[in-house]
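Asks: Plus 707 on top of the position in the sequence shown (first one is 1) and you've got the numbering used here.
Just so it is clear, CB atoms sit at the ideal spot from N, CA and C, and this is done for glycine as well.
What you are looking at is a predicted structure, and each value in this text was computed from that prediction instead of being measured.
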Amino acid sequence: MKYEHRIATALLILTTVAAGQSFGDDADRAEGIAFFESQVRPLLVAHCYSCHSAASAKLKGGLALDTKEGWEKGGDLGPSIIPGDPENSLLMEAVRYADEGLQMPPKGKLPEADVARLARWIAMGAPDPRSGSGSAAGPAEGSGRSSPAAIDEARKTWTYRRPVDPPAPEVVDHAWPASPLDRFILAGLEAKDLRPSPQADKRTLIRRVTFDLTGLPPSRAEIDAFLADESADAFARVVDRLLASPRYGERWGRHWLDVARYADSNGLDENLAFGNAWRYRDYVIAAFNDDKPYDRFVREQLAGDQTADADAAVAARHESLIATGFLSIGPKVLAEPDPDKMRMDIIDEQVDAVGRVFMGLTMGCARCHDHKFDPISTADYYALAGIFKSTKTMDSYKIVAKWHENSLADADDLARKAAHEARVAAKKKEIDEAVAAENARIKKERGDAFAIPKNAEATLYAPAVRDRLKKLREEAAAIDKAAPEEPTAMGVVDDAVADVPIHVRGSHLSLGSVVPRRVPTVFHDASSAPVFDAGASGRLALARWLTSPEHPLTARVMVNRIWRWHFGKGLVGTPDNFGRLGEAPTHPELLDWLARRFVEDGWSIKAMHRRILLSSTYRMRSDHDANAAEVDPENRLYWR
């Protein structure tokens, strides 16, 4: 059993590292803390604090688990957690029931999914922001970071303010900038007495941009053509050619699929194949190739079933339905024995994904307590949870749960289905008529009072009739087997509308006051809050709010992702976390300038590519400069 645990732990560590959590940089630490707050702290509160916290009547075994210092010090048996090493951590030995003398919680073993969460957290390095004397519960609603005073203060910070439209700064070197974008970069360099690297040679440029936009090297003919083109717009034509290539959508669609947690299977307890996930993948690729406006791209993924125009072409309606696969994919525990818990866990995954992907905020922390660092309360969390509670993601929550699929049948598909159903009905009628005729014959022979027994056919039917019925049923089975397959796609639709009560400490077994569906309070006041229709889930209202030009985060988050995918690191180094634990932007004015241009350009991703790729910043050489490296070793100022 210990050997199996070692294998499981190794796999967890490999998975964690593969996902980018290498226990090192600020982004990883922020991700780890977010994982602790949403996945680990609730577990400790629910199963450990009654015996191992400052609120417990007696501290069992001398071990406190409500502070980081508590588990570092450990109890009577020594330190309970070795960061990065689940296999040799006493906590894991206890929750795995590996030792008969050390089994925690004592009332019963945790579900395997919870054990795996603890192991993953320790493998990540056991990130834990808690300090002080500890407490059994998070702060009360309306306290701390989510108090009215704190919210008013938060609204003054850049994260929650609409992007301004700053003028490009003045620079000394007027020859270097090719666009206003470059002036933002150059101003930062000149402030440190640094110079940007010279422009890369043409061979380097075409290799760089071709790999960047398509993931493939340029052909010999493409290199030669570019080297021979002496015109001023030669590079711009290369960029346009690459953006028009089908390979562009495959390359950049992959970037989005990573953000959207795309996979061809579930990936958790029951690793079932998502047989139709490829439809969402192809939708994303086509969206990038077609330069679908990003605001429409967002609305379709959150509420495509409601944005689909009834008068639009069938293909367009189906495309919108496929887009909602964003909410269906992602890891889900499909064998959770408690269906109510499973549903709330799935909703939690959706709320967390929407927060990270579109707003760069970690919402999942607020499932069990007010967010420790950002102005998001438990009430804010359950207001969003109500939107997804009112959404049908699964057809069944019974083990093993089954996700919902939307029909993509067109007129031909429906005609084939109707023809097949007619053949089935005709064959069934033929069987029923044969049975009825034979039953009538038997009654005629034995009298009308004779009751036909259930086994009249395996005892009373004539051999010829039995043979005919056998043949008819074989024909019916063959017809049924040949049923035309109706095309479907993973996706969601509205369900019964239901506001959700606050789940005290994240438990669906301990309910507080009901919270109406709305967006987080920090983003609006009473006069500016979006209206949620009482008869709909609210996904469309949420999507429209997110894609409003006035939204402080949506455009910023996406242009930061585009910048990161071009340069390797975003202007905000934590692309999924623009909150207090995330990194501050290295060039806040440039981030806002790009966000405003993004909206003005009709949310065109390809237009944003052109702004970035045709800049002098993008076309710099990568040569090392000892002086610049001493001043700015991480190249945060983009001197190369």
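If you draw a straight line from the alpha carbon of V1238 to that of Y867, how long is it in whole angstroms?
Replies: Within the sequence shown, residue 1238 is the residue found at index 531, counting from 1. Within the sequence shown, residue 867 is the residue found at index 160, counting from 1. Roughly 20 Å between the two C-alpha positions.
Asks: Could you spell out the range, first to last residue, of the alpha helix (DSSP H) harbouring H754?
Replies: Position 47 of the sequence shown, counting from 1, holds the residue named residue 754. Start and end: 748-754.
Asks: Helix, strand or coil for P1191 per DSSP?
Replies: Taking the first residue of the sequence shown as 1, we reach residue 1191 at position 484. Three-state DSSP puts P1191 in coil, outside helix and strand.
Asks: Taking the beta strand (DSSP E) that N1113 falls in, what are its first and last residues?
Replies: Walking along the sequence shown from the start, residue 1113 turns up at place 406. N1113 -> beta strand (DSSP E) spans 1112-1114.
Asks: If you draw a straight line from the C-alpha of G791 to the C-alpha of R824, how long is it?
Replies: Residue mapping note: residue 791 aligns to position 84 of the sequence shown, counting from 1. Residue mapping note: residue 824 aligns to position 117 of the sequence shown, counting from 1. Approximately 13 Å between the Cα atoms of the pair.
Asks: For D1117 versus P1191, is the C-beta spacing smaller than 9 Å?
Replies: Within the sequence shown, the letter at position 410 stands for residue 1117. Within the sequence shown, the letter at position 484 stands for residue 1191. No.
Asks: Given a threshold of 16 other Cβ atoms within 10 Å of its Cβ, counted over all protein chains shown, does H1316 qualify as buried or as exposed?
Replies: As a first step, residue 1316 is located in the sequence shown; it is residue number 609 there, counting from the start. So H1316 ends up on the buried side.
Asks: Near R940, which residues of its chain fall below 7 Å by C-beta distance, leaving aside the five closest residues on each side in sequence?
Replies: For the purposes of this step, residue 940 is identified with residue 233 of the sequence shown, where counting begins at 1. This sequence places Asp at residue 940; Arg is not what is there. Closer than 7 Å at the Cβ level, and outside the excluded window around D940, lies no residue.
Asks: Applying the criterion that 16 or more other CB atoms from any shown protein chain within 10 Å of the CB defines a buried residue, is A1125 buried or exposed?
Replies: For this step, residue 1125 is matched to residue 418 along the sequence shown. Counting Cβ neighbours within 10 Å, A1125 comes out exposed, since fewer than 16 surround it.
Asks: By DSSP, does M1070 sit in helix, in strand, or in coil?
Replies: As a working mapping, residue 1070 is identified with position 363 in the sequence shown. Note: M1070 maps to coil in three-state DSSP.
Asks: Is N1267 closer than 9 Å to G960 when the C-beta atoms are compared?
Replies: Along the sequence shown, one-based indexing puts residue 960 at 253. Along the sequence shown, one-based indexing puts residue 1267 at 560. Cβ distance not < 9 Å, so G960 and N1267 don't count as in contact.
Asks: Is it the case that the Cβ atoms of L1028 and D1012 are separated by a distance below 9 Å?
Replies: Taking the sequence shown and counting its residues from 1, the one referred to as residue 1028 is at position 321. Taking the sequence shown and counting its residues from 1, the one referred to as residue 1012 is at position 305. Yes, they are a contact pair.
Asks: Using CA coordinates, which residue listed in D872, Q810, G782 is at the minimum distance from A1302?
Replies: Here residue 1302 is taken as the residue at index 595 of the sequence shown, counted from 1. Nearest option by C-alpha distance: D872.
Asks: Do you know offhand how far Y1345's Cα is from F1065's?
Replies: If you number the sequence shown from 1, residue 1345 lands on position 638. If you number the sequence shown from 1, residue 1065 lands on position 358. Using only the alpha carbons, I get a separation of about 26 Å.
Asks: Who are the near neighbours of V1107 in its chain, counting only those whose CB is closer than 8 Å to its CB and skipping five residues on each side?
Replies: Within the sequence shown, residue 1107 is the residue found at index 400, counting from 1. Correct list, in chain order: E977, L979, L1041, A1042.
Asks: Can you tell me which of the three DSSP states M831 falls into?
Replies: Indexing the sequence shown from 1 puts residue 831 at position 124. It is coil, neither helix nor strand.
Asks: Taking just the CA atoms, how far does Y990 sit from K1188?
Replies: Taking the sequence shown and counting its residues from 1, the one referred to as residue 1188 is at position 481. Taking the sequence shown and counting its residues from 1, the one referred to as residue 990 is at position 283. Approximately 31 Å between the Cα atoms of the pair.
Asks: Count the CB pairs spanning the stretch 944-960 and the stretch 921-936 that are closer than 8 Å, and state whether there are at least three.
Replies: These segments touch.
Asks: Taking all protein chains shown into account, do 16 or more other C-beta atoms lie within 10 angstroms of the C-beta of R1180, making it buried, or fewer, making it exposed?
Replies: Here residue 1180 corresponds to residue number 473 of the sequence shown, with the count starting at 1. Its Cβ having fewer than 16 others within 10 Å, R1180 is exposed.
Asks: By the three-class DSSP mapping on this structure, what secondary structure does P1208 have?
Replies: Taking the sequence shown and counting its residues from 1, one reaches residue 1208 at position 501. Strand, per DSSP.
Asks: Can you check which of these residues, R902, A856, P786, is closest to S1323 by C-alpha distance?
Replies: Your numbering for residue 1323 matches position 616 in the sequence shown. Answer by Cα proximity: R902.
Asks: Is the separation between the beta-carbon of S1206 and that of V1229 shorter than 9 Å?
Replies: Position 499 of the sequence shown, counted from the first residue, corresponds to residue 1206. Position 522 of the sequence shown, counted from the first residue, corresponds to residue 1229. The sequence given here places Asp at residue 1206; Ser does not occur at that position. It is not a contact, given that the beta carbons lie outside the stated cut-off.
Asks: For R1304, which residues from the same chain have a beta carbon less than 7 Å from its beta carbon, with the 5 sequence-adjacent residues on both sides left out?
Replies: One-based indexing of the sequence shown puts residue 1304 at position 597. Cβ within range, chain order: R1318.
Asks: Would DSSP call V871 helix, strand or coil?
Replies: As a working mapping, residue 871 is identified with position 164 in the sequence shown. Coil.
Asks: State the beta-bridge partners of M1101 as determined by DSSP.
Replies: The residue you call residue 1101 lines up with position 394 of the sequence shown. M1101 is bridged to W1110.
Asks: What first and last residue would you give for the beta strand (DSSP E) that runs through L1218?
Replies: Here the question's residue 1218 lines up with position 511 in the sequence shown. Start and end: 1218-1222.
Asks: Within its chain, find whatever has a CB closer than 8 Å to the CB of A1236; leave out the 5 residues flanking it on each side and keep chain order.
Replies: Along the sequence shown, one-based indexing puts residue 1236 at 529. Answer for A1236: R1225, V1226, listed in chain order.
Asks: Roughly how many whole angstroms lie between the Cα atoms of P1082 and G982?
Replies: In the sequence shown, residue 1082 corresponds to position 375, counting from 1. In the sequence shown, residue 982 corresponds to position 275, counting from 1. Taking the straight line from one Cα to the other gives about 39 Å.
Asks: Would the beta-carbon of T942 fall within 9 Å of that of R1326?
Replies: Walking along the sequence shown from the start, residue 942 turns up at place 235. Walking along the sequence shown from the start, residue 1326 turns up at place 619. Reading off the sequence, residue 942 comes out as Phe, not Thr. Yes.
Asks: Using only the alpha-carbon positions, how far apart do L1009 and Y1088 sit?
Replies: For the purposes of this step, residue 1009 is taken as the residue at position 302 of the sequence shown. For the purposes of this step, residue 1088 is taken as the residue at position 381 of the sequence shown. Straight-line Cα distance between these residues: approximately 17 Å.
Asks: Mapping the DSSP letters down to three states, classify G1154 as helix, strand or coil.
Replies: Taking the first residue of the sequence shown as position 1, residue 1154 is located at position 447. Note: G1154 maps to coil in three-state DSSP.
Asks: From K1109, P812, D936, G1062, pick the residue whose C-alpha is nearest to that of N1284; which is it?
Replies: Here residue 1284 corresponds to residue number 577 of the sequence shown, with the count starting at 1. It is G1062 whose Cα lies nearest to the Cα of N1284.
Asks: Quickly, what does DSSP pair G782 with across the bridge? List them, please.
Replies: Taking the first residue of the sequence shown as position 1, residue 782 is located at position 75. DSSP output for G782 lists G785 as bridge partner(s).
Asks: Where does M811 sit, in a helix, a strand or coil, going by DSSP?
Replies: The residue given as residue 811 occupies position 104 in the sequence shown. Reduced to three states, the DSSP call for M811 is coil.
Asks: Any Cβ of chain B within less than 9 Å of the Cβ of P1038?
Replies: Any reference to chain B falls outside this structure, which holds one protein chain only.
Asks: What do you reckon, are the CB atoms on A1165 and E1145 nearer than 9 Å?
Replies: Translated into the one-based positions of the sequence shown, residue 1165 becomes position 458. Translated into the one-based positions of the sequence shown, residue 1145 becomes position 438. No; because the gap between Cβ atoms is not below 9 Å, this pair is not in contact.
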